[in-house]
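One structure is given below, encoded as structure tokens.
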Amino acid sequence: MLKELLYPKSIAIIGASQNPGKVGYGLVANLVQGGFKGHIVPVSLTATKILEQKCYKTLVEYKGKIDLGLVAVPVKAVKEAVESCVDAGAKAVIVITAGFKEVGAEGLKLERELVEYAKASDLRLLGPNCIGVLNTHHQMNATFAPAMPPPGRISVISQSGALCVAILDWAATEKIGMGKVISLGNKAELNEVDFLEALAEDKETAVIVGYLENIVDGARFLQVAEQTAGQKPVLILKAGTTKAGAKAASSHTGSLAGADVAYTAAFKHSGVIRAESFERLFDYALAFGTQPLPAGNRVTIITNAGGPGIMAADASEANGLELLPPTDAARAKLKEFLPTTAAFGNPIDVIGDADPARYIKALEVLQDDPNTDAILVLVTPQNMTAPLELAQALEKAHKKKKPLLTAFMGGSAIAGAKEYLTSVGIPNYPSPERAVLSLKAMCDYAAWRKRPTRVVLRFPVNRRRVDRLIARYVRMQNKQVSEVEAKEILAAYGFRTLPGSLATDREESVEVAERIGYPVVMKVVSPSIIHKSDLGGVLINLGSADQVRDAYDLIVTRSKRFAPKAVLRGVYVEKMGRRGREVILGLTRDPQFGPMLMFGLGGIFVEVLKDVAFHLAPVTADEAMQMLKLTRSYSLLMGARGQKPVDLAAIANAIQRISQLATDYPQIAELDINPFIVGEVGTEAYAADARITLNFPENFEPSHE
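Pasting the structure below:
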């Protein structure tokens, strides 16, 4: 729970100052002016008293016990200051001082020494290079930020100190309640996962909001975030989304899976709600922090103007929310008091001359309507509207069983109403679209909370066969697995592959072709040639011995011309398979979050449109099917424009088998099955081509299970 950090009874400020322009003064001032009830112990070499608080030249002079130390001294003096806090009994220290790893090698060395000392001393260390911690419920403002928001149930974790200051200023100005605001700084010891755990247990926190630039421990984050999201919403704005992973990727999957894709997959897996902007982060937070979760995704809109109603309806449909009309019983009640010119579908248009009473009667009816899971009230300030009176009436009429969001649109005419709604916990948005996006986030999270228990299937496979193949590549120190062995690995995991064999000369190619039967496909086999088609190393639909001989010569000639340094193992001769829908299945291993699975349609859909879906392994059968549905081209698989649907279950099954392979063999860095051919239900899907890249540890030992 990090009790000493978040709920200390005594706080020492090492580096306290009488100068209002110094951080050491701001820390003392905020504690005093914020009403901190515990002991405030300023430590200053020059001051005897700061804001009526007695100062000490060193902590040794203070005879009491310290729970928390705030360190704001020059970087070279930080370690000594931290040691003095520990000697005084502190179990937690916040290092405000900057100048550590963010400035270079010397700072990194000092930071590591600090962490080593903290671990040896059983000390929880926050920072360095942060602005501190705020806990409004404890009346503790242990930051040097100038603003103090009112108490509330939204808690913030931020990797940016400047953003913390902006958040506090915004919350204070808008009178938005905050619980804890935690500046992570360099995350030398304590990081976002530690605070997710602490805030999950915190009864005063209803919503956790985070701004992150990176995640330190991906595996632990996934575990803790999922546990926390199961108790309360976790909303994160992840910055730094435009740079893909720095590693060179040889597969389609690896090249498409940038760092941001991994974060998106990780957040989705763990139930974290991702906000795309600072605006959305707190739009969502206001909704989650004040309203009950919806039972479903059916939204009812009440408006006094057609335009805003249409805007809200368009946004709702675009975001997958349902707009059901009221039940017959609810419609009959509405007709008792709404004018005949009103609209009784959804949106419910109560007409421009609606006074607060008409709005409230409509709200009361729709709150009890079984066709409604959430209500959005839109208001334009017309002469009869009385926005403040309406806001007050909405607060009294809301039963708090279904979420109520509002969009009072305008400026000075709705200023009082907006302030009142905020004060009573009804979120108001300046536009219908922003309100709808917040409702969408709530509906998605509510659905995630209701998800069935995850059951990951385990298929019977031949791991001994895979062990032997990978061990061979380890001995050769070759990370590029040829198509021949890649298909053997897939076959060991239950994939159907077509008959074929490696040929090392033109006559052997003919022997293989006649043994497996024409027509055949021929492909160059070389550990140095990854993209075979790019240099003309694949020839298809060969139907005679002469064609096979010519194809062998042509493939070898092209390979030597375009890849003169490549070592050629020969040509793979394979039975030509039946036609079907081409899809791509893939695997890449993210350094933070582990194996990520990819699905997409082949051809232009992956090459140009990049219409793919990712999911962290392992996946359930339902999650595998959801990957298909997330692509824009899913309708083609379902049989668009008169075509018959393909066997979707076969694709989902294949994704689950790759998932098992990924978790069984961490030394598989990348895998592409491209194309995976799937036909109608009743036909057998098969892997037409495959590529595997290994990243094995130096001392890998086969498991021999």
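Its first residue numbered 0, the sequence shown is counted upward by one per residue in numbering that gives the first Met the number 0.
Beta carbons: idealized from backbone N, C-alpha and C, even for Gly.
It is roughly 28 Å from the alpha-carbon of residue 67 to the alpha-carbon of residue 231. When DSSP assignments are scanned along the stretch 191-242, the uninterrupted stretches of alpha helix (DSSP H) that are 4 or more residues long and fall wholly within it turn out to be 191-200 and 217-228. Here the stretch 263-275 does not lie against the stretch 347-364, with fewer than 3 beta-carbon pairs under 8 Å apart. Contact between residue 685 and residue 496 holds: CB atoms are separated by about 6 Å, below the 8 Å threshold.
Looking only at 534, 578 and 504, the smallest Cα-Cα distance to residue 540 is reached by 578. Within a 10 Å sphere around the beta-carbon of residue 504 sit fewer than 16 other beta-carbons, which makes this residue exposed. DSSP links residue 141 through a beta bridge to 132. Contact check for residue 122 against residue 85 passes: the beta carbons are separated by less than 8 Å.
Taking a contact to require three or more Cβ pairs closer than 8 Å, the stretch 137-145 and the stretch 15-34 qualify as touching. Counting along the chain, the unbroken alpha helix (DSSP H) around residue 419 starts and ends at 414-422. Looking only at 309, 367 and 346, the smallest Cα-Cα distance to residue 329 is reached by 367. Rounded to the nearest angstrom, the Cβ distance from residue 70 to residue 96 is 6 Å, consistent with a contact under 8 Å.
Of 174, 301, 26 and 318, the smallest CA-CA separation from residue 415 is found for 174.
Residue 682 has its alpha-carbon roughly 24 Å from the corresponding atom of residue 631. For residue 336, there is no enclosing beta strand (DSSP E), as DSSP marks it with neither H nor E. Nearest Cα to residue 622 within the set 455, 558, 111 and 216: 455.
In the DSSP assignment, no residue is bridged to residue 433. Less than 8 Å separates the beta-carbon of residue 571 from that of residue 483. Taking C-beta atoms under 8 Å as the contact rule, residue 206 and residue 287 qualify, at a distance of about 5 Å. Counting along the chain, the unbroken alpha helix (DSSP H) around residue 551 starts and ends at 544-561.
Cβ neighbours of residue 10 within its own chain (closer than 8 Å, five residues either side excluded): 30, 35, 37, 38, 39, 40, 65, 66, 67, 68, 69, 139 and 141. In the DSSP assignment, residue 157 falls within the beta strand (DSSP E) that extends over 153-157.
In the DSSP annotation of this structure, the continuous segment of the beta strand (DSSP E) that includes residue 580 starts and ends at 580-589. When secondary structure is reduced to three states using DSSP, residue 643 falls in the coil class, being assigned neither helix nor strand.
DSSP places residue 262 inside the alpha helix (DSSP H), whose first and last residues are 258-269. The stretch 358-366 makes contact with the stretch 298-306; the number of CB pairs closer than 8 Å reaches 3 or more.
Between the alpha carbons of residue 399 and residue 151 lies a distance of about 18 Å.
With three or more CB-CB distances shorter than 8 Å, the stretch 574-590 counts as touching the stretch 512-522. Under the three-state reduction of DSSP, residue 174 is assigned to coil, being neither helix nor strand.
For residue 294, no beta strand (DSSP E) encloses it, and the DSSP letter there is neither H nor E. Distances from the alpha-carbon of residue 593 to those of 421, 606, 617 and 444 put 617 closest. Contact holds between the stretch 384-395 and the stretch 416-425, because three or more Cβ pairs, one in each stretch, are under 8 Å apart.
For the beta strand (DSSP E) assignment, the uninterrupted runs of no fewer than 3 residues enclosed by the stretch 331-404 are, from N- to C-terminal side, 373-378. Of the candidates 132, 488 and 501, 488 places its Cα closest to the Cα of residue 691. In the DSSP annotation of this structure, residue 518 is not part of any beta strand (DSSP E), being labelled neither H nor E.
Note that the C-beta distance between residue 508 and residue 548 is below 8 Å.
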